[in-house]
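These notes are about the structure you will find just below.
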Amino acid sequence: MAELVIKDVDDATLEKLAKQAEAFGRSLQEELKIILSRAAQFAEVRRSAAEMRAKLGGRHHTDSIELLREDRSR
């Protein structure tokens, strides 16, 4: 696995991350790896969502709230 060095991290930020790690019972390194992994996954989800919006753009979609109200009023 690769190593990552982040320089000049603000002391307050580092303290918050250390407290967060402690709250979850993890080491700071474990917590940072989880944060980085989730950020990378989120970026992929955003790309997929943008692709889907582009594919669906310009189409007329029914209002689901309207359909639910009609259903309930029966």
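For the sequence shown, this note's numbering gives the first residue as 30, with consecutive numbering after it. Note that CB positions come from ideal geometry on N, CA and C, so glycine has one too.
As assigned by DSSP and simplified to three states, the class of residue i
{"i": "D39", "result": "coil"}
{"i": "E51", "result": "helix"}
{"i": "S102", "result": "coil"}
{"i": "R88", "result": "coil"}
{"i": "S77", "result": "helix"}
Enclosing alpha helix (DSSP H) for residue i [first to last residue]
{"i": "M30", "result": "It is not in any alpha helix (DSSP H) - M30 carries neither H nor E in the DSSP assignment."}
CB-CB length for residue i against residue j, believed under 8 Å
{"i": "L57", "j": "A50", "result": "5 Å"}
{"i": "F71", "j": "E60", "result": "16 Å between Cβ atoms; not a contact."}
Near the ligand FAD: residue i beta-carbon under 7 Å from a heavy atom
{"i": "L97", "result": "For the structure depicted, the ligand FAD is absent and the ligand set is empty, with no information on it obtainable."}
Other residues of its chain near residue i: CB distance less than 6 Å, five sequence neighbours each side excluded
{"i": "A47", "result": "L57"}
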